[in-house]
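Chains as they are written, first to last, in the numbering used here: chain A, 177 to 432; chain B, 95 to 367.
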C-alpha cells in the first residue's frame, strides 16, 4: 500500500484533510507538491515533511485560476519529473438556509468546490495521459445526502461526485491509464468545519454541531488522519481496478 | 512499519477468511498474512484450504486452516473455539464464501433460490452474528473489529442471468448496512462494510461467460467475453483477485477506522456508467 516514486499534488494542503493527506502520502514514500493559496501554511507542511526525511515542495495555487493550474502542474512536473496523483481537496463551506443564501455566496462555493475540480481534472488528465495516474476528488457525504443548511455546499459536492464518474469513463474510453474516484468524508475535525461553525451565532452553531454529532452512528467526528488513509489507498496501486467509484468515510452517516 | 504504513498493517490481528481455498478468498488470506495477520482460512474443501495455508506457513507467514460449512451454525462456534485456543483474538472476519447460480429468472427454481440464499446470505448472517458477539466491547474477546461481507456489483445493478444471485448479493449489502448501524449505535466498536467486486478473473467469474451462452444471450463464450470486457467494463478488462484482496485489506486495517456501513465498489468503472 505504498506510493513509492509517485509524485502527488494536493490542493488546499495547508490544513485539515489536505495537510493530513500530504503527511500520509509522504510516509507512503510519495513526493509531495503541497499547494495552497496560503503559502505560509503550505510551507509549514513542507517543513514537516522534510524534517521527517520526505521530499516536498510548496506550490502557490489558487484553484480558481486556469492559468495557475497550467503553470503549477508544469512547475511540479519540472521539479519531480512527472505527476502521478492529484488530490482535488481545496474547498470551502458556509452554513446557510436556502432563503438566506446569496447568489454571490452560492457562486463562490461553486467556483472553489466545483469549477476548480473541473480545472484540476482537465489539467491533470493532460499531464497524466501518457503515463497514467490517479485523480482523487474530495467530495463529501454532502454530495450524496442533503442537509437543510448546506444548499450551496450540497450542490457543489454533488457536482464533484458526478464529474468524477464522467472523467473516469472518459479516461477509460480513451485507454488513458488514469483512475478517477471520489472520496466522501463525513464530518471531520478540520478548520473547514470549525470555521463554518464559528461564522454562526454561538447558539446556532451549537445546535448545528449537536444535530450533526447525534446523526453520526459512530458518535464522533473523524480525525483528518482517518481520512488520509482512504486517500493513500486510492492513490496507490492497491486500488488499480477502482475507477468511477465513491469511497465513503463517514462513521455510518449515509448508511443510516 | 511506522506512521501511516502502520495504518495498513494487520500485525497482531487475527483474521478469518471463509471460502479461502481459491479465488478471492485465497488472495485475501495471502494479502492479510503478508500484512502481518494471523489468518484462519476456512473452506468446505478442507484439503485444498490446508494446502493454501501450508503455502503461507512455508513462507514464514502465520496461517491455519479449518474445514467449515459456513451455513452450519455449530461450525461457527467451533471456529470461535479454535480462535480462542490459537491466538485468543478475533479482529477481522471476511465473509467471502459464496456460490453463483445463473440462469434466467424463468428457468430458476425455488430450490435454487433457497440454496443460494442459504449459502450467500445465511452464512453472512451467522458469521456477522458470531463475530460481533465475540468482538464487541464486553464480548468474549472484546477488542472491537472489522467485518467485511463480499457482495457483488450484481447486488447493485441488473445483469441478465443474475436474478437470484443478485438478490442474494443485494441482501448481503442491505444486511451489512443494518449491522453497521446497529453495532455503531450500540457502541460495539465493530465496523461492517460490504465489498462489491465487478467481474473478476476466477473460476466463478468464468461461469458468467458460460452462463451468457447458456441463457442464449451470446452464441459463444468468446462473444460473451467481448461484450462484457469491451462494452460493459469501461476499463476494458476483468479485475484480478489481488485487486479485491487489497480493498479488503483497506477495510480490515486501521486505515478505515472511520468507515462503516459503506459499499466499496471495485469494478473497473462498471457501475459508474
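We treat Cβ as the ideally placed atom computed from N, Cα and C, and that holds for glycine.
All values derive from a computational prediction rather than experimental measurement.
Do you know offhand how far residue i's Cα is from residue j's?
i	j	result
residue 372 of chain A	residue 269 of chain A	6 Å
residue 286 of chain A	residue 366 of chain B	23 Å
residue 328 of chain A	residue 282 of chain A	5 Å
residue 234 of chain B	residue 126 of chain B	23 Å
residue 228 of chain B	residue 364 of chain A	30 Å
residue 115 of chain B	residue 218 of chain A	49 Å
residue 102 of chain B	residue 416 of chain A	17 Å
residue 96 of chain B	residue 203 of chain A	Summary for residue 96 of chain B: the model assigns pLDDT 44, below 50, so the residue's position carries little reliability; its value from the coordinates is reported in the next sentence. Their Cα atoms are separated by approximately 8 Å.
residue 390 of chain A	residue 383 of chain A	11 Å
residue 271 of chain A	residue 349 of chain B	30 Å
residue 161 of chain B	residue 296 of chain B	21 Å
residue 250 of chain A	residue 262 of chain A	13 Å
residue 346 of chain A	residue 334 of chain A	19 Å
residue 131 of chain B	residue 339 of chain A	38 Å
residue 191 of chain B	residue 380 of chain A	50 Å
residue 236 of chain B	residue 184 of chain B	9 Å
residue 201 of chain B	residue 308 of chain B	11 Å
residue 218 of chain B	residue 305 of chain B	25 Å
residue 171 of chain B	residue 203 of chain B	32 Å
residue 376 of chain A	residue 247 of chain A	37 Å
residue 212 of chain A	residue 225 of chain A	16 Å
residue 301 of chain A	residue 183 of chain A	14 Å
residue 336 of chain B	residue 360 of chain A	24 Å
residue 309 of chain A	residue 259 of chain A	7 Å
residue 169 of chain A	residue 186 of chain A	This structure cannot speak to residue 169 of chain A, because chain A is shown only from 177 to 432.
residue 298 of chain A	residue 163 of chain B	51 Å
residue 208 of chain B	residue 378 of chain A	57 Å
residue 206 of chain A	residue 178 of chain A	8 Å
residue 301 of chain B	residue 319 of chain B	11 Å
residue 321 of chain B	residue 414 of chain A	27 Å
residue 159 of chain B	residue 227 of chain A	45 Å
What residues are listed by DSSP as bridge partners for residue i?
i	result
residue 131 of chain B	BP columns for residue 131 of chain B are empty, so no partner.
residue 233 of chain A	A/209
residue 202 of chain B	In the DSSP output, where bridge partners are listed per residue, residue 202 of chain B has none listed.
residue 160 of chain B	B/136
residue 434 of chain A	Outside the displayed range of chain A (177 to 432) lies residue 434 of chain A, so it cannot be described from this structure.
residue 359 of chain B	B/290
residue 268 of chain A	Beta-bridge pairing links residue 268 of chain A to no other residue.
residue 423 of chain A	A/359
residue 228 of chain B	BP columns for residue 228 of chain B are empty, so no partner.
residue 431 of chain A	DSSP, once it has assigned bridges, lists no residue as partnering residue 431 of chain A.
residue 309 of chain A	A/354
Can residue i and residue j be called in contact, C-beta distance under 9 Å?
i	j	result
residue 129 of chain B	residue 105 of chain B	yes
residue 221 of chain B	residue 189 of chain B	yes
residue 429 of chain A	residue 362 of chain A	yes
residue 155 of chain B	residue 133 of chain B	yes
residue 252 of chain B	residue 362 of chain B	no
residue 198 of chain B	residue 254 of chain B	yes
residue 314 of chain A	residue 358 of chain A	yes
residue 145 of chain B	residue 112 of chain B	no
residue 289 of chain B	residue 244 of chain B	yes
residue 226 of chain B	residue 269 of chain B	no
residue 433 of chain A	residue 275 of chain B	Because chain A spans 177 through 432 in this model, residue 433 of chain A falls outside it and cannot be assessed.
residue 288 of chain A	residue 241 of chain A	no
residue 110 of chain B	residue 165 of chain B	no
residue 241 of chain B	residue 273 of chain B	yes
residue 354 of chain A	residue 426 of chain A	no
residue 257 of chain B	residue 246 of chain B	no
residue 190 of chain A	residue 210 of chain A	yes
residue 279 of chain B	residue 351 of chain B	no
residue 108 of chain B	residue 180 of chain B	yes
residue 138 of chain B	residue 294 of chain B	no
Assuming residue i and residue j are in contact, meaning their beta carbons sit under 8 Å apart, how far apart are those beta carbons, in whole angstroms?
i	j	result
residue 339 of chain B	residue 122 of chain B	4 Å
residue 274 of chain A	residue 410 of chain A	Their Cβ separation, rounded to whole angstroms, is 33 Å, which puts residue 274 of chain A and residue 410 of chain A out of contact at 8 Å.
residue 420 of chain A	residue 356 of chain A	7 Å
residue 208 of chain A	residue 188 of chain A	That belief does not hold up - the Cβ atoms of residue 208 of chain A and residue 188 of chain A are roughly 13 Å apart, past 8 Å.
residue 337 of chain A	residue 276 of chain A	Going by Cβ atoms, the distance from residue 337 of chain A to residue 276 of chain A rounds to 25 Å, so no, they are not a contact pair.
Closer than 8 Å: is that where the CB of residue i sits relative to any heavy atom of the ligand ADP?
i	result
residue 179 of chain B	Questions concerning the ligand ADP fall outside what the structure shown contains, since it holds no ligand whatsoever.
query: Using 8 Å as the Cβ pair cut-off and three pairs as the minimum, do the segment 305 to 318 of chain B and the segment 262 to 276 of chain B touch?
result: no
message: Three or more C-beta pairs under 8 Å: does that hold for the segment 192 to 211 of chain A against the segment 398 to 417 of chain A?
response: yes
message: I'd like to know if the segment 252 to 272 of chain A and the segment 362 to 382 of chain A are in contact, where contact means that at least 3 CB-CB pairs between them fall below 8 Å.
response: yes
query: Given 8 Å as the limit, is there contact between the segment 228 to 245 of chain A and the segment 206 to 218 of chain A, that is, 3 or more CB pairs closer than that?
result: yes
message: Assess contact between the segment 289 to 309 of chain A and the segment 337 to 357 of chain A, defined as three or more Cβ pairs (one per stretch) separated by less than 8 Å. Is contact present?
response: yes
message: Three Cβ pairs or more, each shorter than 8 Å: is that satisfied between the segment 303 to 313 of chain B and the segment 350 to 358 of chain B?
response: no
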